[in-house]
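When you line the sequence shown up against full-length UniProt numbering, it's residues 1 to 59, in that order.
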Amino acid sequence: MPGKRDRRICLGVKQALHGPMSPTERILLSQRLIEILSRTDPVECEQELRKLRRELDMK
């Protein structure tokens, strides 16, 4: 389960999802976010969330 820090990262990812992208891109990113959040290792989850956030910031 994500902690407070993870929730802030998720909020950043969620805000990035509202940017200019196609509905298909949004669906794929949403699915990826769900996949990341379903991981049991909190360290791995946080690393993947940060990686996703960086990818979204680059777009």
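For each residue, glycine too, the CB sits at the ideal point set by N, CA and C.
Predicted model, so just to flag it, every value in this text is computed and none were measured.
query                                                                                                                                       : result
Distance, Cα to Cα, E46 vs E55?                                                                                                             : 14 Å
Quick test of your reading: I36 and E48, contact by CB under 8 Å. State the CB separation rounded to the nearest angstrom.                  : 4 Å
Beta-carbon within less than 6 Å of M21's beta-carbon, same chain only, minus the 5 sequence neighbours each way: which residues are those? : none
By the three-class DSSP mapping on this structure, what secondary structure does T24 have?                                                  : helix
Look at the alpha carbon of L29 and the alpha carbon of P42, and state the distance between them as a whole number of angstroms.            : 20 Å
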